[in-house]
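One structure is given below, encoded as structure tokens.
This is the structure:
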């Protein structure tokens, strides 16, 4: 039961990074289809319990008519973590782009488990520095676990250096063993540069151990 929980625990609160990487010997294949039409695939590995790495590549208009606009280069994420007085502390670098927003770049995040009446939960907050627009930003994430493998999620980015402010996303994650499906509502507050509120995003992933 504990191992099943670890397999289903999200690596991201929709877009915001979780402090903990994959555990040693774990691997994950994932695919996400964004509201803007971007389709990306990612492979991630847990090198040690405290260090994980991921690589993603994709493009726009992969599904549909017309020419595919592939990304110029792959994106990478490196995440390491440690515990401090009951808190999970994560330090990492993430060059992956999410919809119309800038990558997180360098980030520092901390979180811990919360025990609520409805179920176990996890809260997380952090700061990040994006070298592209040279801004310091703030983000937060939260999920509530219902049963063993069902998650209600939310995350938030203040949006320093972006066209708008206060980007809020909501999501539902369902798992069947190592296979997971996530459905997200993106930009529920209808901030620029998105064309409107409630963009819909789909993620599918497979997470297992060697």
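Residue numbers (my numbering): 988 to 1197.
By construction, the Cβ of each residue, glycine as well, lies at the ideal position given by its N, Cα and C atoms.
Asked	Found
Using only the heavy atoms of the ligand SAH, determine whether one of them is closer than 7 angstroms to the beta carbon of residue 1191.	This structure lacks the ligand SAH; in fact it carries no ligand of any kind.
Tell me the DSSP secondary structure of residue 1177 in three-state form.	coil
Note down the Cα distance separating residue 1194 from residue 1176, rounded to an integer number of angstroms.	32 angstroms
Can residue 1029 and residue 1046 be called in contact, C-beta distance under 8 angstroms?	no
Among 1080, 1087, 1137, 1005, whose alpha-carbon lies nearest the alpha-carbon of residue 1115?	1080
What does a CB cutoff of less than 6 angstroms around residue 1180 pick up in its chain, not counting 5 residues either side in sequence?	1087, 1150
Among 1026, 1161, 1101, 1033, which residue has its Cα nearest to the Cα of residue 1073?	1101
Taking the beta strand (DSSP E) that residue 1140 belongs to, which residues open and close that run?	1137 to 1144
On the CB-based measure, 16 or more other CB atoms within 10 Å of its CB, does residue 1066 come out buried or exposed?	buried
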